Every structure is written in structure tokens, then in C-alpha cells.
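J.:
Chains as they are written, first to last, in my numbering: chain A, 2 to 275; chain B, 309 to 897.
(1) Exposed or buried, residue 326(B), counting other C-beta atoms within 10 Å across all chains shown (16 or more means buried)?
(2) So the candidates are 742(B), 593(B), 614(B), 334(B); which of them puts its Cα closest to the Cα of residue 87(A)?
(3) Taking only beta carbons into account, state which residues of the region 791-802 of chain B come closer than 7 Å to chain A, listed in chain order.
(4) Give the DSSP-derived three-state secondary structure of residue 227(A) in the structure shown.
(5) Going by beta-carbon coordinates alone, are residue 112(A) and residue 74(A) separated by less than 8 Å?
(6) Could you pull out every residue in the same chain whose Cβ sits closer than 8 Å to the Cβ of residue 831(B), ignoring the five residues on either side in sequence?
(7) Is residue 47(A) helix, strand or coil when you go by DSSP?
(8) Straight-line CA distance for residue 846(B) to residue 425(B)?
(9) Using the three-state DSSP reduction, which class does residue 418(B) fall into: helix, strand or coil?
(10) Give, in chain order, every residue of the region 868-883 of chain B whose Cβ lies closer than 7 Å to some Cβ of chain A.
(11) Would you mind sorting residue 42(A) into buried or exposed? The rule is 16 or more other CB atoms within 10 Å of its CB.
(12) Between residue 620(B) and residue 676(B), is the Cβ-Cβ spacing less than 8 Å?
(13) Considering only residues of the same chain and omitting the five flanking positions on each side of residue 608(B), which have a CB-CB separation below 6 Å?
(14) At the level of alpha carbons, what is the spacing between residue 170(A) and residue 164(A)?
(15) With three or more beta-carbon pairs closer than 8 Å as the criterion, would you say the region 115-127 of chain A touches the region 142-149 of chain A?
(16) Would you give the residue range spanned by the alpha helix (DSSP H) that residue 27(A) belongs to?
(17) Is the region 730-738 of chain B touching the region 695-706 of chain B in the sense that three or more CB pairs, one from each, lie closer than 8 Å?
(18) Within 7 Å: the Cβ of residue 606(B) and any heavy atom of the ligand FAD?
(19) Three-state secondary structure (DSSP) at residue 171(A)?
(20) Is the Cβ of residue 712(B) closer than 8 Å to any Cβ of chain A?
(21) How would you list, in chain order, the residues of chain A whose beta-carbon sits under 9 Å from the beta-carbon of residue 521(B)?
(22) So, under 8 Å CB-CB, residue 137(A) and residue 197(A) are touching, yes? Tell me the CB distance rounded to an integer number of Å.
(23) Would you say residue 476(B) lies against chain A (beta-carbon separation less than 8 Å)?
(24) Does any CB atom of chain B fall closer than 8 Å to the CB of residue 127(A)?
(25) Report back the beta-carbon spacing between residue 515(B) and residue 768(B) to the nearest angstrom; my notes put them in contact at under 8 Å.
(26) Using a Cβ-Cβ cut-off of less than 7 Å, give me the residues of the region 77-110 of chain A that come near chain B, in sequence order.
(27) Provide the residue(s) that pair with residue 236(A) in DSSP beta bridges, ordered along the chain.
(28) Can you name the residues of chain A whose CB is closer than 7 Å to the CB of residue 389(B)?
(29) Go ahead and label residue 833(B) buried or exposed: buried means 16 or more other beta carbons lie within 10 angstroms of its beta carbon, across all protein chains shown.
(30) Applying the 10 Å Cβ sphere with the 16-neighbour rule, what's the burial state of residue 493(B)?
(31) Starting from residue 139(A), trace the beta strand (DSSP E) in both directions and tell me its first and last residue.
(32) Residues of chain B with a CB under 8 Å from the CB of residue 196(A): which are they?
(33) Would the region 495-515 of chain B and the region 566-577 of chain B be scored as touching if the rule is three or more Cβ pairs under 8 Å?
(34) Between residue 176(A) and chain B, is the shortest Cβ-Cβ distance under 8 Å, so that the two count as touching?
(35) Within 8 Å of any Cβ in chain B, is that where the Cβ of residue 230(A) sits?
(36) On the three-pair Cβ rule with 8 Å, is the region 359-367 of chain B touching the region 415-430 of chain B?
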């Protein structure tokens with residue numbers, strides 16, 4: 002590449018700034034390869050696909066980051082002012098520009114397709130028929146979980162029936178509601194079986210966030226939104242609200258227990274229904 | 309306006325009030341915007357310091373704060389509602405009242421007539437009116453901090469129904485009303501400015517100043533003004549609808565059957581997502597309203613201190629236009645998990661990654677500019693280089709968020725906070741600092757102190773990365789935005805040391821800005837006197853006297869003969885050729 006009339010000079014400012022950029026690159030590599038802090042432990046089936054997609058984007062953008070910041074740092078260190086020496090005079094290179102444009106576009110197109118495969122597998126696939134169905138209603142500032150009980154039928158709900166003790170307005174006169182189970186801030190699901198979640202909100206927008214399951218879906222008043230996922234690891238997990246919903250948003254927290262077996266889950270349902 | 313008449317103007321003596329306060333001179337209005345926005349930045353910055361203190365030590369009792377803010381720190385602990393107000397006010401002030409105001413209002417006003425060789429804006433009175441309405445909007449938003457029931461608590465995005473129903477949170481009563489009022493006034497002010505800039509650039513360029521000879525700062529301000537003219541009416545309209553929902557009994561954004569505090573809310577038929585669509589239809593172009601002028605200014609400054617022409621001027625212009633067009637079709641990437649039809653998620657992923665292409669082109673072109681340069685490391689040059697680094701760091705994380713499936717986990721976490729701060733706050737901040745150090749001599753006729761400027765840069769560069777880079781990591785760890793106390797969640801507790809590190813870095817970063825403020829205000833009166841073209845730059849503002857008088861260019865307007873980037877032209881005696889020098893001897897590009 003055509004240089005100026007001389008070699009340029011390494012200046013103190015240039016070297017320091019380049020050094021800082023180098024430290025930045027090293028910090029990036031440390032944080033994203035050694036991963037001292039990382040995603041919450043994975044506990045769902047589709048979450049693996051999201052995590053690998055993240056890693057693919059990370060590799061591509063990580064390489065771009067190192068190359069671009071590295072080149073910037075190198076030029077900054079290398080091309081400082083040097084007496085009366087002139088800079089290079091060139092300002093176009095259609096071939097290089099076309100090459101970079103097409104390369105970028107191709108890489109991004111590949112990422113779009115990779116991403117859309119994962120997106121489609123999550124959102125365009127219906128939940129399997131054997132899924133456990135839970136209706137979840139967010140409110141300021143708790144999560145209500147509604148299970149249909151042994152009959153598999155959800156009882157009728159009506160916002161007019163909402164009281165302090167009937168948080169979702171379940172119509173207890175409806176025969177289908179007799180065996181329904183409603184809990185506050187406590188959710189259970191059996192391992193290995195899809196969970197189909199119907200999200201509603203009583204007041205403002207909340208967001209149903211299961212960090213370990215790579216599930217996040219807003220609960221919007223006036224809408225019923227469905228998502229589904231399959232837990233793959235038994236244990237205790239946290240449910241968070243991820244959308245600002247008012248003063249106690251920060252503690253709109255619930256617990257999800259993934260039971261070791263369908264029996265354990267049924268047993269819990271029975272207990273909770275008493 | 310005839311030349312003679314203009315010259316007359318230049319010698320006309322004006323009183324202090326008319327000259328510096330109720331002025332219709334674009335330079336004074338620009339400086340008024342700049343200083344008002346700096347005052348707002350101090351407020352917005354202090355609010356973020358309180359937030360960072362809270363996030364690092366969420367359960368620490370602070371008797372000092374209890375003395376200063378007896379209501380907000382009842383018993384020495386911050387009230388959770390106050391924290392949400394801080395989030396809301398910090399975001400609102402920084403996005404609108406700092407960045408939009410400083411880049412469009414400040415630099416837009418100051419630079420456009422000077423860079424195109426005009427005596428003033430097309431509509432000087434409208435221009436002054438734009439500033440005064442902006443000032444009014446600043447006063448309204450500032451007053452929202454002192455409402456007894458609480459400052460607004462809806463976040464800067466003001467999602468309905470939280471923003472539409474006053475009972476949703478204490479600050480959503482009077483505080484939110486003031487918020488909407490301020491934003492509406494701000495939109496009106498922005499529209500007046502934008503109309504003015506577009507007319508001025510299109511009709512008032514001096515002889516020879518063809519569109520493809522405009523400096524990139526002016527190009528970016530033109531494109532940005534068009535964006536603003538198309539986007540701000542949507543915000544204004546949405547704000548008015550929100551006001552109607554709150555006060556007029558309408559239901560644009562609130563559906564039937566809402567219950568708050570066991571009380572039914574009397575609305576029916578509205579849709580909460582309508583607000584999000586309207587807000588982000590404005591909101592995403594708004595990102596580029598902030599980013600584009602930063603890109604334009606950084607390009608010009610980079611070229612001037614690299615002593616080398618900008619690489620691929622044409623592609624710089626085309627990519628700006630491409631970004632502007634695409635910015636209107638990407639808004640849905642803010643809404644991947646909002647309950648919007650997931651098919652739209654696919655569409656918006658495609659358009660979003662598409663907009664990364666022109667952004668990447670610009671980055672390559674900045675690298676091409678620095679390659680083979682002879683960089684003069686002034687504070688302005690350092691900040692322009694810092695801009696490129698910050699823009700790259702912030703831009704690349706956008707690829708994760710634009711990929712809808714990866715966004716599921718990252719949406720509403722600190723990964724998003726890291727991304728948008730780097731790309732639309734820190735990068736534009738660096739460009740604005742570069743712009744201030746660069747054009748300060750033209751504004752005030754004096755230099756800012758370069759040593760203090762460099763110290764300011766080093767602290768700001770290191771501080772900004774230490775604050776915002778680790779945020780990606782705690783975002784990956786799942787930490788949600790806008791939460792008052794991350795330690796409430798067990799899965800977030802292990803990464804609390806990172807929050808402490810970020811907060812300490814934030815205090816350093818914040819304190820470093822005092823160096824800048826001192827340097828700025830001290831140098832207005834005590835800085836070294838600057839000559840006409842201290843940086844040996846090529847564009848027209850450096851032909852004008854320092855500081856330019858009323859009418860900018862003395863008796864005769866300059867004539868333009870070449871593009872704005874003739875640095876280090878082989879065979880020329882000097883390493884720069886101003887735009888006014890006729891093309892005679894040199895080999896032309």
C-alpha cells in the first residue's frame with residue numbers, strides 16, 4: 002500500500018492508546034474464553050440451541066473485534082506525526098470496498114439464516130400434545146400459576162371475581178374449576194416433559210424470565226401469549242420479571258422447581274390442591 | 309440578502325441581551341444549545357452516579373444521603389421508587405436533552421452555515437424559537453425531579469400501560485404528565501430546527517459548494533435532520549395519544565379488564581403494543597439521529613488530524629443515506645419478545661443485520677483513513693479515534709441483539725445496557741468531545757488547554773471501557789435492567805463484585821468530566837488566543853474570522869473550488885488545501 006513520503010513515527014500518545022486497545026483485546030479474550038462469569042446453568046432443551054447460536058455470533062464478532070480494534074491500534078501506534086513528513090494521499094479503492102461490502106453482507110446473511118433456524122424451532126413449532134399446561138398471570142408484583150388439575154380443564158376466570166384471596170378471579174362455581182390449583186410465586190414442572198405456558202397480565206407489562214431455561218416472554222395485559230420449553234435438569238430455579246413494571250419490579254421473583262419425575266410433580270400438585 | 313447589506317450587519321452594534329441572549333445568530337444559538345445541554349448532562353450524569361452507588365451497595369445504609377435527600381433516602385436506604393425515577397430521568401435527559409440537543413442543536417446550528425458558506429440559517433427567528441422551546445422543555449423535565457408524588461417512573465421508553473395509568477406507580481401521576489409535556493415540547497423544538505437545517509443546506513450553499521463537496525459533518529446533519537423531520541412527529545403524536553389516555557378518557561394503549569390495587573381501571577379497546585410500535589418507530593431513527601452526526605463530525609476531525617483525506621467519501625455519504633433509510637424498518641428488533649407476531653421477528657432480524665453493512669463500511673473507511681496517516685495527537689484527534697473504537701465495540705454487540713433467537717436471553721439485561729451505552733452514548737459522547745475540542749477555538753476565539761484535554765481523554769477512555777465492557781458479562785449472567793437491587797436474586801449474587809467494579813469505574817469516569825468542565829469554562833476567558841485556522845483544516849469555517857462575526861464571512865462569501873479533504877496533496881507547498889483554493893496546479897482526485 003502506498004505510504005507517505007517517510008516511515009511515520011511512534012509517538013507517546015499513539016503507543017499508549019494502542020497499548021490500551023491491546024489491553025482491551027486481551028480483556029475481551031479473557032472474559033469470553035475463560036468465562037469467569039457466564040450464562041446461568043442451562044436447564045432446558047431449546048436453550049442449548051440458543052447458547053450455540055450465541056457462541057457462533059461470538060466467534061464471528063470476536064474475530065471482527067480483534068481484527069478491527071487491532072488494526073486501529075496498530076495504525077495509531079505506527080502512523081504518528083513525524084516532522085514535516087506527509088501522510089499518504091489515497092482515498093479510494095473500489096475493489097477493496099466492494100470486497101469488504103460483499104464479505105460483510107455474506108457473513109451477516111449466514112448469521113441471519115443460522116439465527117432464524119433457531120428462532121423458527123422455538124416459535125414456529127407447536128408444543129407437543131403431552132405438554133403440561135400452566136396459565137401464568139403477572140401482577141404488580143407477583144406471578145400467579147394456574148394448573149388445570151386432574152380433569153385437564155381450566156376453570157373459567159373473570160377479572161370481576163378478583164379479590165385478595167382469589168388472585169386470578171377463578172370462578173369456583175364452574176365445575177371445571179373445582180380441581181384447579183392456583184399458586185402464588187411457586188411453580189413446578191416435571192423433568193423431560195414440555196411445559197406450555199400461557200402468559201397474561203392483570204395490570205402492566207411484565208416479562209416472564211427463566212434465566213436457566215433461556216425463556217423470556219413479555220406478559221401483556223389484554224393478550225394471551227404462549228411459549229413452551231422442556232426442562233432437562235431437576236432442581237430449584239428462579240423466575241424473574243424482566244420488564245419494568247413499577248416500584249417493586251426488582252423483587253417480582255418466583256421459584257420454579259423442576260421435579261425429578263412425573264410422580265413427584267403429581268404429588269406436589271396434590272399437596273398444593275389441598 | 310445582498311453582500312453590502314450583510315457587511316452592514318457585521319458592523320452593527322448590538323446590546324448584550326440582543327447579542328448573547330435573545331440572539332437569532334446561528335452561532336450564538338448553537339452555543340446556547342451546547343451549554344444548556346452540558347448543564348442537563350451534569351444533571352443526567354449525577355443521577356447515574358446515584359444509580360451506580362445503589363447497584364454496587366444495594367443494602368448499604370448511607371446517613372449522608374439521608375441528610376441530603378431525606379425523602380428519597382428514608383432512613384438512609386434508597387427508596388425503590390426513587391431508583392426507577394433515576395433510571396427514567398437519566399435515560400430521558402441523556403437521550404434527548406444531552407445527545408440530540410448537543411449534536412443537532414449545538415453543532416448543527418454552529419456548523420451548518422459556516423461549513424456551507426452561508427451568513428446564517430434560512431429562518432433565523434424559527435431557529436431562536438427552537439432554542440427557547442428547547443429550554444422550556446428542559447425546565448419542564450427538570451421540574452419533574454421535584455414532584456412530591458415522585459418523578460416519572462416509566463423508563464425513558466414509557467411503555468404503556470405503566471405510563472398510561474397514573475395509578476400504576478407514584479411517579480406516573482404528575483411526574484409522568486410533566487415527562488410527556490417535556491417530550492412534546494422537545495419534539496416541536498426539534499422539528500423547527502430540522503426544517504431549518506434542511507432548507508439551509510439545500511438552498512443556501514455558497515458558489516461552488518456542490519452536494520458532493522459538503523464536509524461529512526454537514527452531510528450527516530442533513531441526513532439526520534430528515535430523519536428527525538420524519539421521526540419526531542411520530543413521537544409527538546404518540547405522546548399526545550398517551551396524554552389523551554391519561555386525561556381524556558380515551559383508550560389507545562390500555563385494554564379492557566385491567567386491575568390495579570384490586571381496583572378495576574376504566575378503559576377498553578386499547579393495545580399496549582401500539583405504544584411500543586409508535587415509540588420505536590421514532591426510537592430507532594432516534595438512535596441514528598444521535599449516531600450519524602457523531603459519525604460525520606468524527607470523520608472530518610479524523611481526516612484533519614490524520615492529515616489524510618477521508619477514505620471513500622462517496623461511500624461515507626451513501627452509507628449514511630442507507631443507514632437513514634434502513635433505520636425506519638428495524639424498530640421491531642426492540643420487540644422480539646414483546647408478544648409481537650414471531651414472523652415479524654424474522655423480518656426485523658433480516659433488516660437489522662442489513663443495517664450493519666453500511667455501519668461496517670463506515671468503520672472500514674475510518675481504518676482506511678488512519679492507515680498511512682501522520683496523526684497529530686491533539687485532544688480532538690484522540691477523542692475521534694476513541695469514537696471509532698467505542699463504535700466498533702458497541703456495534704458488534706448489536707449483532708447478538710439483532711439476532712432474534714440470541715436476543716431472547718439477552719433482551720432487557722445489562723448486555724443491552726452495555727450495547728446501547730457504547731454505541732449511542734459513549735461513541736457520540738466521544739465525537740461530541742472531539743467536536744468541542746476541535747471547534748472551540750472557532751466558537752470562542754481561544755484554545756482549550758491541550759494537556760488538560762489529554763488527561764480528560766485518558767480518564768474518559770479507560771473509564772468508559774471499565775464501566776461498559778463488564779456490563780456485557782453481567783448481562784450474559786442474566787442481570788436485568790432497571791432493577792433496584794440485583795442481590796435479590798440468588799443467581800445474580802456471585803457477580804456482585806463486577807457491579808462494585810463498574811460503580812467505582814463510573815465514579816472515576818464521572819469525576820474526570822470535571823476536568824473537562826473546568827477546562828471549557830476557564831478557556832472561554834483564559835485560554836490561549838487562537839488564530840483563524842489553528843488546525844490547518846480545509847473546510848469553510850476555518851476561512852471565517854475567529855470567532856466569526858455576525859454574517860460569518862465579512863464582505864464577500866467564499867467560493868468553493870474543491871472537496872473538503874485535500875490533506876497532504878502531493879506537490880502542494882502546504883499539507884492542506886482549503887476548499888476555497890482554485891484547482892490549478894495539483895493533480896486532482
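Ideal Cβ positions, reconstructed from N, Cα and C, are used throughout, including at glycine. Only a predicted model underlies this, so the values are computations on that prediction, with no experimental measurement involved.
T.: This is what the structure holds:
(1) On the second chain, residue 326(B) is found 18 positions in, with the first residue counted as 1. A residue is called buried when at least 16 other Cβ atoms come within 10 angstroms of its Cβ; residue 326(B) does not meet this threshold and is exposed.
(2) In the first chain, the residue the question calls residue 87(A) occupies position 86. When each option's Cα is compared against that of residue 87(A), the closest is 614(B).
(3) For the region 791-802 of chain B, which is checked against every Cβ of chain A, the residues closer than 7 Å are 791, 792, 793, 796, 797, 798, 799.
(4) Along the first chain, read from residue 1 onward, the residue named residue 227(A) stands at position 226. Residue 227(A) falls in the strand class under three-state DSSP.
(5) Looking up residue 112(A) in the first chain gives position 111. Looking up residue 74(A) in the first chain gives position 73. Between residue 112(A) and residue 74(A), the gap from beta carbon to beta carbon reaches 8 Å or more.
(6) Position 523 of the second chain, counting from 1, holds the residue named residue 831(B). Taking residue 831(B) as the centre and dropping the five residues before and after it, the same chain places the C-beta of 748, 752, 754, 755, 756, 757 closer than 8 Å to its C-beta, in chain order.
(7) For the purposes of this step, residue 47(A) is identified with residue 46 of the first chain, where counting begins at 1. Looking at residue 47(A) - three-state DSSP - the assignment turns out to be coil, as it is neither helix nor strand.
(8) Sequence index remark: in the second chain, residue 846(B) carries index 538 (1-based). Sequence index remark: in the second chain, residue 425(B) carries index 117 (1-based). Taking the straight line from one Cα to the other gives about 13 Å.
(9) The residue given as residue 418(B) occupies position 110 in the second chain. In this structure, residue 418(B) counts as helix in the three-state DSSP scheme.
(10) Within the region 868-883 of chain B, 873, 875, 876, 877, 878, 883 place their CB atoms closer than 7 Å to a CB of chain A, listed in sequence order.
(11) The residue you call residue 42(A) lines up with position 41 of the first chain. With a threshold of 16 other beta carbon atoms within 10 Å, residue 42(A) falls short and is exposed.
(12) Along the second chain, one-based indexing puts residue 620(B) at 312. Along the second chain, one-based indexing puts residue 676(B) at 368. Yes.
(13) Stepping through the second chain from its first residue, residue 608(B) is reached at position 300. Annotation for residue 608(B): 523, 524, 525 place their beta carbon closer than 6 Å to its own, counting only its chain and skipping 5 residues before and after.
(14) Against the first chain, residue 170(A) aligns to sequence position 169. Against the first chain, residue 164(A) aligns to sequence position 163. Rounded to whole angstroms, residue 170(A) to residue 164(A) spans 7 Å at the Cα level.
(15) No: fewer than three Cβ pairs fall under 8 Å.
(16) Here the question's residue 27(A) lines up with position 26 in the first chain. Segment 13-30, the alpha helix (DSSP H) holding residue 27(A).
(17) The region 695-706 of chain B is in contact with the region 730-738 of chain B.
(18) Although the ligand FAD was asked about, the structure shown includes no ligands whatsoever.
(19) In the first chain, counting from the first residue as 1, residue 171(A) sits at position 170. Reduced to three states, the DSSP call for residue 171(A) is strand.
(20) By one-based count along the second chain, residue 712(B) stands at place 404. It does: the Cβ of residue 712(B) has a partner Cβ on chain A nearer than 8 Å.
(21) The residue you call residue 521(B) lines up with position 213 of the second chain. By Cβ distance, chain A contributes nothing, its closest Cβ being about 14 Å from residue 521(B), past 9 Å.
(22) Against the first chain, residue 137(A) aligns to sequence position 136. Against the first chain, residue 197(A) aligns to sequence position 196. In fact, because the Cβ distance is near 11 Å, the residues do not count as touching under 8 Å.
(23) In the second chain, the residue the question calls residue 476(B) occupies position 168. For residue 476(B), the answer is yes, since a Cβ of chain A falls inside 8 Å of its Cβ.
(24) Counting from 1 along the first chain, the entry for residue 127(A) is found at position 126. Between residue 127(A) and chain B, the shortest Cβ-Cβ separation is not below 8 Å.
(25) Position 207 of the second chain, counting from 1, holds the residue named residue 515(B). Position 460 of the second chain, counting from 1, holds the residue named residue 768(B). No, residue 515(B) and residue 768(B) are not in contact; Cβ-Cβ is about 41 Å, not under 8 Å.
(26) Answer set for the region 77-110 of chain A: 77, 80, 81, 82, 83, 86, 87, 88, 89, 90, 92, 93, 98, 101, 102, 105, 106, 109.
(27) Here residue 236(A) is taken as the residue at index 235 of the first chain, counted from 1. Paired residue(s): 259(A).
(28) For the purposes of this step, residue 389(B) is taken as residue 81 along the second chain, with counting starting at 1. Those are 248, listed as they occur along chain A.
(29) Numbered from 1 along the second chain, position 525 holds the residue referred to as residue 833(B). Counting Cβ neighbours within 10 Å, residue 833(B) comes out exposed, since fewer than 16 surround it.
(30) Residue mapping note: residue 493(B) aligns to position 185 of the second chain, counting from 1. Under this definition residue 493(B) is a buried residue.
(31) Counted from its first residue, the first chain places residue 139(A) at position 138. Counting along the chain, the beta strand (DSSP E) containing residue 139(A) begins and ends at 133-140.
(32) As a first step, residue 196(A) is located in the first chain; it is residue number 195 there, counting from the start. Residues of chain B whose Cβ lies closer than 8 Å to the Cβ of residue 196(A) do not exist, since the nearest Cβ in that chain is about 16 Å away.
(33) Not touching, per the Cβ criterion.
(34) Translated into positions along the first chain, residue 176(A) becomes position 175. Not an interface residue.
(35) Taking the first residue of the first chain as 1, we reach residue 230(A) at position 229. It does not; no Cβ of chain B falls within 8 Å.
(36) Segments in contact, no.
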